[in-house]
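For the sequence shown, the numbering used here gives the first residue as 18, with consecutive numbering after it.
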Amino acid sequence: MKTVFTTEMVKHVWAQQSQPEGRNSNETTSFRYAFLDSYSTTIAVHCGDFVLSADPSQFSVTTNRHTPSSYDVSPARLIYIPALFSYGERMRYPSDIPKPGVIKKALQELILDLCKSYKKRRTDITRAWDMRRIDRLLDDL
18 MKTVFTTEMV KHVWAQQSQP EGRNSNETTS FRYAFLDSYS TTIAVHCGDF
68 VLSADPSQFS VTTNRHTPSS YDVSPARLIY IPALFSYGER MRYPSDIPKP
118 GVIKKALQEL ILDLCKSYKK RRTDITRAWD MRRIDRLLDD L
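Structure follows, in structure tokens:
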């Protein structure tokens, strides 16, 4: 079984969950079971029908490149929840996967923050952007 891939293939193989582990040649991006790591920080967790991910702008520029996009995790739904991921924190065990109640609370907090942002917006275009994000998060909830 091949375990060393290009950085893009690491994300692809992880997203397909076709192998238990893999990494790129310089070990900056790797996965083990459900967890995708970049520079010793877990940046995404594959949860079957959906993927929980850090926000692409949450960490350094190099780590941002490793954060999954919708293309990488197809057909699983990608849900960005920054509150579930911290720099330098690595998830390793099934018990580390966020519980449904924790995910729900984090989504509710994101929705509340977007509602506050919506209220402060001055143009219909920026309000529409917030509303689309709120609608998407409500679907995820």
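In this text, a Cβ means the ideal position worked out from N, Cα and C, and glycines have one as well.
Where residue i sits in the DSSP three-state scheme
{"i": "residue 53", "result": "strand"}
{"i": "residue 126", "result": "helix"}
{"i": "residue 40", "result": "strand"}
{"i": "residue 94", "result": "strand"}
{"i": "residue 47", "result": "strand"}
{"i": "residue 103", "result": "coil"}
{"i": "residue 120", "result": "helix"}
{"i": "residue 61", "result": "strand"}
Sequence-distant residues of its chain with Cβ nearer than 7 Å to residue i (five each side left out)
{"i": "residue 67", "result": "93, 94, 96"}
{"i": "residue 134", "result": "147"}
Classification of residue i by the beta-carbon crowding that lies within 10 angstroms, buried from 16 upward
{"i": "residue 142", "result": "exposed"}
{"i": "residue 119", "result": "exposed"}
{"i": "residue 58", "result": "buried"}
{"i": "residue 140", "result": "exposed"}
{"i": "residue 53", "result": "buried"}
{"i": "residue 77", "result": "exposed"}
{"i": "residue 155", "result": "exposed"}
Same chain, Cβ closer than 6 Å to residue i, five either side skipped, listed in chain order
{"i": "residue 98", "result": "69, 123"}
Short Cβ contact (8 Å threshold) for residue i with residue j
{"i": "residue 48", "j": "residue 27", "result": "yes"}
{"i": "residue 114", "j": "residue 128", "result": "no"}
{"i": "residue 23", "j": "residue 41", "result": "yes"}
{"i": "residue 121", "j": "residue 158", "result": "yes"}
Cut-off 8 Å between Cβ atoms - residues of its own chain near residue i, not counting five sequence neighbours on either side
{"i": "residue 91", "result": "32"}
{"i": "residue 65", "result": "93"}
On the three-pair Cβ rule with 8 Å, is the stretch 106 to 123 touching the stretch 73 to 84? no
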